[in-house]
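Q:
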Amino acid sequence: MAFDWKALVDLATILEQQAQTSANSEAYLRSAMSRLYFGVYGHARNYATNYLQFISRNAAEDHGRLRQHLKGKRRKGDADRLEQLRIWRNDADYANDLSSLDLVATAASAIALAKLVFNSLVPPKTAAP
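Residue numbers (the working numbering): 9 to 137.
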């Protein structure tokens, strides 16, 4: 059975909530932003493969190729949201110092963007992959 990528969004929501009472809230929020990106990416990739003729190469460049493909299929808003989530994920995963970023607000915004993408990329009711 295929993995439900929304599970990573659900996990990120739990991490964001747990960050409120954790002594190490930054770790929870960084992890939430990372999981959000990959949950949305996995869902968008599968949607684009099944309904928009995207062909994954199972390579790192698929991330950029997917965003370009979505733009070419009149899904620019979803591509832009995916790009913003990628930027936040890179910050969360690689930056040593995020003191210039309001992590609580950024995580909340990331969760909202993730939900927008999931609500936008809904399989057609009559189509089958």
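Quick reminder that beta carbons are idealized off the backbone N, C-alpha and C, glycines included.
On a predicted model such as this, the values are computed, not experimentally measured, just so you know.
For residue 82 and residue 70, I'd like the C-alpha separation in whole angstroms.
A: Each residue's alpha carbon lies about 18 angstroms from the other.
Q: State the CB to CB distance for the pair residue 78 and residue 86, rounded to an integer number of angstroms; the pair is presumed to be in contact (CB under 8 angstroms).
A: About 5 angstroms separates the two Cβ atoms, so the contact holds.
Q: Residue 88: which of 67, 37, 49, 15 sits nearest, CA to CA?
A: When only C-alpha atoms are compared, the closest one is 49.
Q: Could you say if the stretch 105 to 121 and the stretch 22 to 34 meet the contact criterion of at least three C-beta pairs nearer than 8 angstroms?
A: With a cut-off of 8 angstroms, the stretch 22 to 34 and the stretch 105 to 121 count as touching, because enough Cβ pairs lie within range.
Q: Please state the DSSP three-state secondary structure of residue 67.
A: Here residue 67 sits in coil by DSSP.
Q: Near residue 129, what residues of its chain come up, given a Cβ to Cβ distance below 7 angstroms and the 5 sequence neighbours on each side ignored?
A: Same-chain partners within the cutoff: 51, 52, 55, 86.
Q: Using DSSP with H/G/I as helix, E/B as strand and the rest coil, what is residue 39?
A: Reduced to three states, the DSSP call for residue 39 is helix.
Q: Buried or exposed: where does residue 118 fall if 16 or more other Cβ atoms within 10 Å of its Cβ makes it buried?
A: Answer is buried; the Cβ neighbour count reaches 16.
Q: Nearest CA to the CA of residue 112: which residue from 58, 124, 23?
A: With distances taken between Cα atoms, residue 112 lies closest to 23.
Q: Under the assumption that residue 90 contacts residue 46 (Cβ atoms under 8 angstroms), give the Cβ distance between them as a whole number of angstroms.
A: Their Cβ separation, rounded to whole angstroms, is 11 angstroms, which puts residue 90 and residue 46 out of contact at 8 angstroms.
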